[in-house]
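Take the sequence shown: its letters are residues -19 to -1, 1 to 752, numbered as in mature numbering (1 follows the signal peptide of the UniProt record, and there is no 0).
Beta carbons: idealized from backbone N, C-alpha and C, even for Gly.
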Amino acid sequence: MKALSVLLGLACSVTAALSLQTKETQRRATHGYWYEKIKHNGISPFIPGGHDWTVFRNVKTDFGAVGDGKADDTSAIQAALDFVSADGGNQSRRDGGFGTTGAPAVVYIPGGTYRLSRPIHSYVQTVVVGDPTNMPILQAAPDFPSTEKFLFYGFDSNYDSTINFYIGLRNVVLDSTLVAPAQNITLLDWAVSQNVQLSNVVFRMAKGGTAHTGLSMPEGGSPLMMNDLVFEGGSVGIRMNEQQYHFKGLTFKNMDIGLKLDKLFEGTGQGLRFESCKVGIETTNNNTGFFALIDSSASNVGILWSSAGSSTAQGSMVLENVQVDGSVKSTVTAAGKNILTGSVKPGKSWIWGNVYGPADGERAEGKLYSSSRAPSLVDSSGAYHTVKGPTFEEYDVSRVVNVKNVCGWKVAGDGVTDDTESLQHIINAAAGKKVLFFPHGTYLVSDTLLIPPGTRIHGEAWSEISATGNKFKDANHLKPLVQVGLPGSTGVAQFVDMLFTVADILPGCKLVEVNMAGGRPGDLGFWNTHFRIGGARGSKVQTQCSDPATCRAARMCAHLTATSSSYWENSWCWSADHDLDDDNAANPSTAGGFLVESVKGTWLLSIGTEHNVLYQMNIHKARNVFLGFQQSETPYWQGNNSGLLAPRPWQDSLLESDPDFSWCAADDAQCRMGVYQYVTKSKDVNIYGGGYWTFFNGINRDGCKGECQENGVIYADNEKLYSFGVSTHNVRTMVLEGWDGKYTSVVKDTANSGGWQSGGGVMAAYMRQAK
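See below:
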């Protein structure tokens, strides 16, 4: 009977009522976007009164917005963002009183046109989401004040931009077409950092709007990705002022400048389209360290890329598979001089910067090199496969199961109750039949959740699955929290808007293990799905990890095994360096970030992995791997004055794939630090962009001035490895090369100065292991 109720997807509370409804009433109830229709019963488990906290807020039905293009809906939308429903005393979302994770909110905007007379302000742990089947328009009123700079503030001014986490904006149109073309207005302030999502947004500006900009981020930040956006009209699409970025699937139409990089240390543009622009990309101020443009196109554009034409490592450029038609006058200019016309065909890399390979380093200023991509990684045009994040909009609400509303299988999501048994039964019964919706909360799990083929999971403001219990405590017998498929299995498994974490100190826990292979790219995928180890309420790692020697918090974030094939887009593996909600010391020891051993095809787009002891990204004995962008930092407590040299404290439980630090002297603290990118014994690996930042040494973060780490990236015994755009901060050896157990420093920061203002290094390309 329990399995039958899951199959039907009926909530206990509504089964009887549904039996009395007419077919027409049922049709009306299920028609439209499922997320608007489904029951919302998410909670905030770790604040006073959090079980009564309202996560989902519909601006029309709950707060009185009209959406007719005439009424002023500013107050209604802002009220939905500001609303506090728990007993929080004098705490307010306006002043950050709930910490970063305590006040989750999804502000839902149905289809319609919502006129705004003043700016909207959003907050951390907040997602503003529209109906993807009928995208709502947030439109600046004709009399929008000229004193206001932005229409929408995604940036939460309660926090520095580098800790603006857990923020989302998707499925909406931002519109300034009614504002005078000469009035200064920017549609979005997006000064944010990791674990954010900006996706499926249209920036619609007045055609010929000389003072209109799509988005900017004057406060800076440290983000990962923005994807699947359209910019129309105005003067500038994006004014960039960030540490790093992966731009995927962006279109720029009918404007002066599409992408203006005022400051960017490291970036990758993938699948960009420029139409009827004077300039596609502008880097003339020479404040960009490295930028790669791949799988992109332009038509009716004066200059696709207007660069400074730097004579140093600063301003490095790579173009691959960039198609322009005859209407494009210049593909690349350097200091106003045309240096490239026409397209860059698949199989070639056009490079400006310092190149290492096939032999020693050389300076390239507009030179074509041969390159290759594994056939399994690309489509018929030679472009890497990309897949938009699923909305599951093709499912009506009758085909979506709220995991907290299944008859006979109680699920709490309260961070206290063990939900393992119920969740596993629900997952098994829904596979191949239903989408599973996890309302916001913390779902405590004491044993591995096995994900069968046919599973589709959608969270809400990063619903948490959290590991607990003795089964995850043995560092010599690792156990996954979430296991996707059995070795050798194939099928569909998709995760959207989820977060994986630990509730306890669990040295034997792999948060995710992927064994299954998708039949097509994206069949098995993770979108806007992240990892957090410590640093927030609901985990002992938040309160008991001042000393990394006694806090082996987790083994790794993700293990992509040899039989797997998966697609990842916008994922942050964060071993905490600070407390998001309180003032506890945060020095957990997590062994590794991502371990990739897949040979069937892996796509990693915009991966952040930070503060892990042994490595951040480990690609070992793998084949057919595309790594679109990686951003990483080492543990702040490693290095000089730490007293804990890698591989400690994991020296007694190392895996064959782990770095052993044999290239280091036993007492060399700055050598024995987590490797940013460790690629060994692999083949057909293509990497585009990596920002690797070392800021501190020692438990008190006072152990270095200037260079703080000996080695950043290690490449050993590989074939057909192409790595473009290694950027470092405070790292002496940018690339350490290994052959048959012997290691050589081949790329030094002193020979590649650039990127970060001080202590930065930029390398355009490494191809010494490309044969």
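Local Cβ density within 10 Å of Pro420, reported as buried at 16 or more and exposed below that: Pro420 is buried by the Cβ-count criterion.
Among Val217, Gly735, Ala474, nearest to Tyr548 - alpha-carbon criterion: Comparing alpha carbon positions, the residue from Val217, Gly735, Ala474 closest to Tyr548 is Ala474.
Close-in-space but distant-in-sequence residues of the same chain around Tyr596 (CB under 7 Å, 5 per side omitted): Excluding positions up to five away in sequence, the list reads Gly573, Gly574, Pro640, Gly655, Val656, Tyr659.
Residue nearest to Thr429 in terms of C-alpha spacing, selected from Ala442, Val483, Gly78: Among Ala442, Val483, Gly78, the Cα nearest to that of Thr429 belongs to Val483.
Distance between Gly283 and Ser308 (C-alpha atoms, nearest Å): Between Ser308 and Gly283, the C-alpha separation is close to 8 Å.
In chain order, each beta strand (DSSP E) run of at least 3 residues that lies wholly inside the segment 147 to 233: Within the segment 147 to 233, the complete beta strand (DSSP E) runs of at least 3 residues are 148 to 156, 166 to 170, 177 to 185, 193 to 197, 206 to 213.
Residues bridged to Gly719 (per DSSP): Its beta-bridge partners are Ala697, Tyr724.
Any 3 or more C-beta pairs closer than 8 Å across the segment 117 to 132 and the segment 93 to 103: Touching, per the Cβ criterion.
Chain-order list of residues whose beta-carbon lies under 6 Å from that of Thr232 (same chain, five-residue window excluded): Annotation for Thr232: Val211, Arg254 place their beta carbon closer than 6 Å to its own, counting only its chain and skipping 5 residues before and after.
CB-CB length for Val463 against Leu492, believed under 8 Å: Val463 to Leu492, Cβ: 7 Å. Contact.
Asn39 - containing alpha helix (DSSP H), residue span: Premise fails: Asn39 lies in the beta strand (DSSP E), 37 to 39, not in any alpha helix (DSSP H).
Stretch pair the segment 329 to 341 + the segment 292 to 304: three plus CB contacts closer than 8 Å: When Cβ pairs closer than 8 Å are counted between the two stretches, the segment 329 to 341 is seen to touch the segment 292 to 304, the count reaching three or more.
Terminal residues of the alpha helix (DSSP H) in which Asn409 lies: Start and end: 401 to 411.
Nearest-angstrom beta carbon gap, Ile90 and Phe125 [assumed within contact, 8 Å]: So it is not a contact: roughly 18 Å between Cβ atoms.
Own chain, CB closer than 6 Å to Val743, minus 5 neighbours either side, in chain order: The beta carbon of Val743 sits closer than 6 Å to the beta carbons of Gly270, Phe271, Ala294, Ser297, Ser708, Asn733, Gly735, Gly736 from its chain, once the five residues preceding and following it are set aside; these are given in chain order.
Nonlocal neighbours in the same chain, by C-beta distance under 6 Å from Lys752, ignoring five residues either side: Answer for Lys752: no residue qualifies.
Buried versus exposed, by CB contacts within 10 Å (16 or more), Lys348: It counts as exposed.
Alpha-carbon spacing of Cys685 relative to Gly92, whole angstroms: Their backbone Cα atoms lie some 54 Å apart in a straight line.
Contacts around Lys230, its chain only, beta-carbon distance under 6 Å, and the 5 residues preceding and following it disregarded: In the sequence on display, residue 230 carries Gly and not Lys. Cβ within range, chain order: Asn208, Asp209, Gly252.
Beta-bridge partners of residue 753, as assigned by DSSP: Since the first residue of the chain shown is -19 and the last is 752, residue 753 is not available in this structure.
Endpoints, alpha helix (DSSP H) assigned at Ala456: No alpha helix (DSSP H) contains Ala456, which DSSP labels as neither H nor E.
Contacts around Glu5, its chain only, beta-carbon distance under 7 Å, and the 5 residues preceding and following it disregarded: Because the pLDDT of Glu5 is 42, which lies under 50, any placement of that residue in the model is unreliable, and the number read from its coordinates should be weighed accordingly. No residues qualify anywhere along the chain.
Which residues DSSP lists as bridging Arg96, in chain order: Looking at the DSSP output, Arg96 sits in a beta bridge with Asp53, Gln120.
Beta-bridge pairing of Ile438 - partner residues as DSSP gives them: Its beta-bridge partners are Leu417, Phe476.
Beta-carbon proximity check, Ile408 vs Thr449, cutoff 8 Å: Using a Cβ distance threshold of 8 Å, Ile408 and Thr449 do not count as a contacting pair.
Inter-residue spacing [alpha-carbon to alpha-carbon] between Gln2 and His21: At Gln2, the pLDDT of 44 sits below 50, so the modelled position is not reliable; the number obtained from the coordinates is stated separately. Rounded to the nearest angstrom, the two C-alpha atoms are 21 Å apart.
Environment of Asn551 [buried if 16+ CB atoms lie within 10 Å]: Label assigned to Asn551: buried.
Other residues of its chain near Arg9: CB distance less than 7 Å, five sequence neighbours each side excluded: Annotation note: pLDDT 49 at Arg9 (below 50); position unreliable, coordinate value reported separately. Contacts found: none.
Whole-number beta carbon distance between Phe373 and His439, since they are thought to touch under 8 Å: Indeed they touch by this definition, with Cβ atoms about 6 Å apart.
Neighbourhood of Lys602 by C-beta distance below 7 Å, restricted to the same chain and skipping five residues each side: If we look at Lys602 and ignore the five residues flanking it on each side, its Cβ neighbours are Glu578, Lys662, Ser663.
Residue of Gly190, Gly189, Asp137 minimising C-alpha distance to Trp171: Of the candidates Gly190, Gly189, Asp137, the one whose C-alpha sits nearest the C-alpha of Trp171 is Asp137.
Closer than 8 Å to chain D by CB, Ile320: Included in the structure is just one protein chain, with no chain D present.
Limits of the unbroken beta strand (DSSP E) element including Trp555: Counting along the chain, Trp555 sits inside the beta strand (DSSP E) bounded by residues 547 to 556.
Those residues which DSSP pairs with Thr264 across a bridge: Paired residues: Ser288.
N- and C-terminal bounds of the alpha helix (DSSP H) containing Trp15: Under the DSSP assignment, Trp15 falls in the alpha helix (DSSP H) whose first and last residues are 15 to 18.
For Phe146 and Leu168, believed in contact at Cβ under 8 Å, the rounded distance: Incorrect: roughly 22 Å between the Cβ atoms, too far for contact.
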